[in-house]
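Trainee: Can you read through this structure? Questions will come right after.
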Amino acid sequence: MNRAPEQPTWTSRPEVGSDLLLRFVVRLTQVLGRSVMRLILKPIACWYWLLTPSTRRDSAAYLTRALGRPATARDTLRHYQVFAQTILDRVYLLRGERDLFELKIVGRDNLY
Numbered sequence: 001m002n003r004a005p006e007q008p009t010w011t012s013r014p015e016v017g018s019d020l021l022l023r024f025v026v027r028l029t030q031v032l033g034r035s036v037m038r039l040i041l042k043p044i045a046c047w048y049w050l051l052t053p054s055t056r057r058d059s060a061a062y063l064t065r066a067l068g069r070p071a072t073a074r075d076t077l078r079h080y081q082v083f084a085q086t087i088l089d090r091v092y093l094l095r096g097e098r099d100l101f102e103l104k105i106v107g108r109d110n111l112y
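Oh and the sequence shown: position 76 is 76 in my numbering, straight run, nothing missing.
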């Protein structure tokens with residue numbers, strides 16, 4: 001019998017931050033701009049990294065598989081920081097501010 005793949009544990013965990021904090025960060029992003037927010041994201045990602053040991057373990061497990069070697073604390077912190085940067089970029093992309101990005105599509109012909 002075929003079984004559905006198991007749901008990753010991190011998807012069932014409650015959000016650590018609050019809606020109010022998220023709205024504040026989005027507003028701050030609008031006021032300060034992308035460059036300043038990229039700097040501010042580093043300590044925010046560190047804060048999340050420190051407060052979520054179970055998510056850190058999930059990150060390490062994923063990165064161990066992806067990297068083909070045991071993931072280090074530095075790897076998982078970088079994983080958190082890249083995730084935070086992706087969320088920041090989405091704010092700008094959703095606002096239509098695509099001119100902030102250099103988009104390069106590679107391998108498009110392989111899709112057809």
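Ideal Cβ positions, reconstructed from N, Cα and C, are used throughout, including at glycine. Every value quoted in this text rests on a predicted model; they were computed, and no experiment measured them.
#1: Would Leu41 and Gln85 qualify as a contact pair, given that the criterion is a beta-carbon distance under 9 angstroms?
#2: So the alpha helix (DSSP H) Asp89 belongs to, where does it begin and stop?
#3: If you compare alpha carbons, which of Ser18, Met37, Leu20 and Ser12 is closest to Val91?
#4: Quick check on Lys104: does DSSP put it in helix, strand or coil?
#5: Which residue's Cα is closest to the Cα of Gln81: Gln30, Leu67 and Tyr48?
#6: Check whether the segment 57-68 touches the segment 20-31, counting contact only when three or more Cβ pairs, one atom from each stretch, lie closer than 8 angstroms.
#7: With Leu111 as the anchor, note down where its alpha helix (DSSP H) starts and where it stops.
Mentor: This is what the structure holds:
#1: yes
#2: Ala73 to Leu94
#3: Met37
#4: coil
#5: Tyr48
#6: no
#7: Segment: none, Leu111 is in no alpha helix (DSSP H) and carries neither H nor E.
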